[in-house]
Amino acid sequence: MARVYNWQLGREMAYWYPEARPRRQFAAVFDTNKCIACQTCTLACKTTWTSGKGQEYMLWNNVETKPYGSYPLAYDLRLLEMLNGQQWNGSRYTGQTIFESAPAGERVLGWRPEEQDFAYPNVGEDDCAGEVDGGKYLSLPHLNWFFYLARICNHCTYPACLASCPRGSIYKRPEDGIVLVDQGRCRGYQECVKGCPYKKVFFNPLTGTSEKCIACFPKIEQGIQPQCFVNCIGKIRLAGWISKPEQARADNPMDYLVHIKKVALPLFPQFGLEPNVYYIPPIHAPVSFNQQLFGPGAGEAMKTYRNAMHDPDLASLLCLFGSTELVVPRFRRQGDLAIGSDEKGAEIVRVPLREPVHVRPAFDAKNQLVRINCP
Ligand code: SF4
Ligand code: SF4
């Protein structure tokens, strides 16, 4: 095992291979507060990449309702129970990662789901935590909550799928950090399926190989965001490139949200993979639940997001989510406008922070009619 630095844990950790960061790293931010679980993203991916034989059960993108939803069944709970003592000391993780707690002779602490575990992608959908009885729903605020968690492969900095593969069939592209399975090398041992804690590698029984989310790399290579991003109805997603914390730039949308405002957090950082999909936590869910999912920064992130209306720079960046098909590597605010640009500063998109309100008169003199749905 090599020693590598994981900034999400605030410390070095053990990993199967030495640290080899790509020239730039694909990353994404998902705003959980805006997801409506319409599953358009799920279908956009399904119809693009997994409509073939042997892929019927696969959802490279899925959206589950927390706290009870999970695909495959209980993927998170099972590993959290196996990982003993996940303590944090401030922002430093003092517990063990899945690499550090691997059983003797294995590279990663993991488990392989049964076929049946993938059969209920909508389990727990819209089930809220706590009971709503005796007319309690009429009094606000109440303690019942749920939220939607959209998930794709995290194209991790330290992928467990890659570390687990005994044939070296999984690789991380040096040009963009996207993690892929070499279909020619894979022999279907499924060690990656067992190793990935997010369960984002899937075995295809027809081809006898493992398959996974490819971050729509043919689109990324053209500077276009992936299918699940551009089709997102709730405009919750933004793709980009993330730097190491010490190289963070205030005009890079990923750096700004993750490193500078710290409003977007990784999913289960305690597993130790340095995942590169970041989540703005749901502000109506309990802090303790968000901390287990997103780490110790969840409380502060919730406060920052609640305050976004008084923070014009943050508000302007949030306006750029879902505003263009193109990847926006730079942004700036100009008065009441959010402007996204390419790396050379050429403008890609501009969005007003506030839309004007048009109040139409109830009586329309020109057309001699009365509107009944004004304004
Ligand atoms: S989320 Fe899983 S499949 Fe994706 S890179 Fe990380 S370990 Fe591999
Ligand atoms: S398309 Fe967007 S809003 Fe709809 S379920 Fe997917 S992530 Fe959520």
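Heads up, the sequence shown is in our numbering, so the first residue is -2 and it goes up one at a time.
From the three backbone atoms N, C-alpha and C, an ideal C-beta is built for every residue, glycine too.
Bear in mind that the values here come from a model prediction, so they are computed numbers and not experimental data.
Can you tell me where the alpha helix (DSSP H) with residue i in it begins and where it stops?
{"i": "ALA41", "result": "37 to 46"}
{"i": "ASP73", "result": "72 to 79"}
{"i": "VAL346", "result": "It is not in any alpha helix (DSSP H) - VAL346 instead sits in the beta strand (DSSP E) that spans 344 to 349."}
{"i": "SER161", "result": "157 to 161"}
{"i": "ILE217", "result": "214 to 217"}
{"i": "LEU290", "result": "284 to 291"}
Ligand 2 and residue i: does the residue's C-beta get closer than 7 Å to at least one heavy atom of that ligand?
{"i": "ASN59", "result": "no"}
{"i": "ALA34", "result": "yes"}
{"i": "ILE277", "result": "no"}
{"i": "THR37", "result": "yes"}
{"i": "CYS213", "result": "no"}
{"i": "TYR145", "result": "yes"}
{"i": "CYS42", "result": "no"}
{"i": "ASN228", "result": "yes"}
{"i": "GLY381", "result": "No answer is possible for residue 381: the residues shown for the chain start at -2 and end at 372."}
Here's a check: name, in chain order, each residue in its chain whose Cβ is nearer than 6 Å to the Cβ of residue i, leaving out the five neighbours to either side.
{"i": "PHE144", "result": "THR29, LYS63, PRO279 and ALA282"}
{"i": "ARG89", "result": "GLY7 and ARG8"}
{"i": "SER338", "result": "ARG327, GLU344 and ILE345"}
{"i": "VAL26", "result": "LEU235, LEU254, ALA261 and TYR275"}
Look at the alpha carbon of residue i and the alpha carbon of residue j, and state the distance between them as a whole number of angstroms.
{"i": "TRP238", "j": "GLN219", "result": "14 Å"}
{"i": "THR37", "j": "ALA362", "result": "42 Å"}
{"i": "LEU159", "j": "TRP13", "result": "9 Å"}
{"i": "SER207", "j": "MET55", "result": "11 Å"}
{"i": "TYR195", "j": "LEU334", "result": "37 Å"}
{"i": "ASN151", "j": "TYR275", "result": "9 Å"}
{"i": "LYS43", "j": "PRO358", "result": "46 Å"}
{"i": "GLN5", "j": "PRO242", "result": "10 Å"}
{"i": "GLU322", "j": "VAL227", "result": "6 Å"}
{"i": "GLY292", "j": "ALA126", "result": "20 Å"}
{"i": "GLN187", "j": "ARG18", "result": "25 Å"}
{"i": "MET299", "j": "ALA261", "result": "9 Å"}
{"i": "ILE175", "j": "ARG184", "result": "21 Å"}
{"i": "ASP308", "j": "TYR302", "result": "9 Å"}
{"i": "GLY388", "j": "GLU340", "result": "Limits of the chain in this structure are -2 at one end and 372 at the other, which puts residue 388 out of reach."}
{"i": "TRP373", "j": "LYS191", "result": "Given a span of -2 to 372 for the chain in the structure shown, any question on residue 373 remains unanswerable."}
{"i": "CYS162", "j": "GLN222", "result": "29 Å"}
{"i": "GLU271", "j": "TYR2", "result": "10 Å"}
{"i": "VAL198", "j": "THR204", "result": "14 Å"}
Confirm the yes/no value for this check: CB of residue i, any heavy atom of ligand 1, distance under 7 Å.
{"i": "LEU270", "result": "yes"}
{"i": "ASN30", "result": "no"}
{"i": "ASN151", "result": "yes"}
{"i": "PRO156", "result": "yes"}
{"i": "LYS209", "result": "yes"}
{"i": "TYR195", "result": "yes"}
{"i": "ALA198", "result": "Going by the sequence as given, residue 198 is Val instead of Ala. Yes, since a heavy atom of ligand 1 falls inside the 7 Å radius drawn around the Cβ of VAL198."}
Assign residue i to one of three DSSP states: helix, strand, or coil.
{"i": "MET10", "result": "strand"}
{"i": "GLU271", "result": "coil"}
{"i": "ILE277", "result": "strand"}
{"i": "LYS31", "result": "helix"}
{"i": "GLY192", "result": "helix"}
{"i": "VAL255", "result": "helix"}
{"i": "GLY296", "result": "helix"}
{"i": "LYS50", "result": "coil"}
{"i": "SER136", "result": "coil"}
{"i": "VAL373", "result": "Summary: the structure shown does not reach residue 373, with the chain confined to residues -2 through 372, and so no result is reported for it."}
{"i": "PHE96", "result": "coil"}
{"i": "VAL227", "result": "helix"}
{"i": "ASP361", "result": "strand"}
{"i": "ALA305", "result": "helix"}
{"i": "GLN22", "result": "strand"}
In terms of residue numbering, what span does the beta strand (DSSP E) encompassing residue i cover?
{"i": "LYS169", "result": "167 to 169"}
{"i": "ASN59", "result": "59 to 63"}
{"i": "TYR145", "result": "144 to 148"}
{"i": "ALA312", "result": "Segment 309 to 316 is the alpha helix (DSSP H) holding ALA312; no beta strand (DSSP E) there."}
{"i": "VAL178", "result": "176 to 178"}
{"i": "PHE115", "result": "Element bounds for PHE115: n/a, residue is neither H nor E."}
{"i": "THR375", "result": "Lying before the first or after the last residue shown, residue 375 is absent from the chain, which here runs from -2 to 372."}
{"i": "ASN249", "result": "It is not in any beta strand (DSSP E) - ASN249 carries neither H nor E in the DSSP assignment."}
{"i": "ASN141", "result": "Taken as a continuous stretch (DSSP letters only), ASN141 belongs to no beta strand (DSSP E), as it is neither H nor E."}
What does a CB cutoff of less than 7 Å around residue i pick up in its chain, not counting 5 residues either side in sequence?
{"i": "ARG329", "result": "ASP248 and ILE336"}
{"i": "ARG368", "result": "ARG357, ALA359 and ASP361"}
{"i": "PRO349", "result": "ASP333 and LEU334"}
{"i": "PRO171", "result": "PRO19 and ARG20"}
If you drop the 5 nearest sequence neighbours on each side, which residues of the same chain put their C-beta closer than 8 Å to that of residue i?
{"i": "ASN59", "result": "THR39, TYR68, PRO118, ALA147 and ARG148"}
{"i": "ARG75", "result": "TRP108"}
{"i": "MET(-2)", "result": "ALA11, TYR12, TRP13 and PHE96"}
{"i": "ARG182", "result": "ARG164, GLY165 and SER166"}
Does the beta-carbon of residue i, which I'm using as the reference point, lie nearer than 7 Å to any heavy atom of ligand 4?
{"i": "VAL176", "result": "Absent from the structure shown: ligand 4. Ligands present: ligand 1 and ligand 2."}
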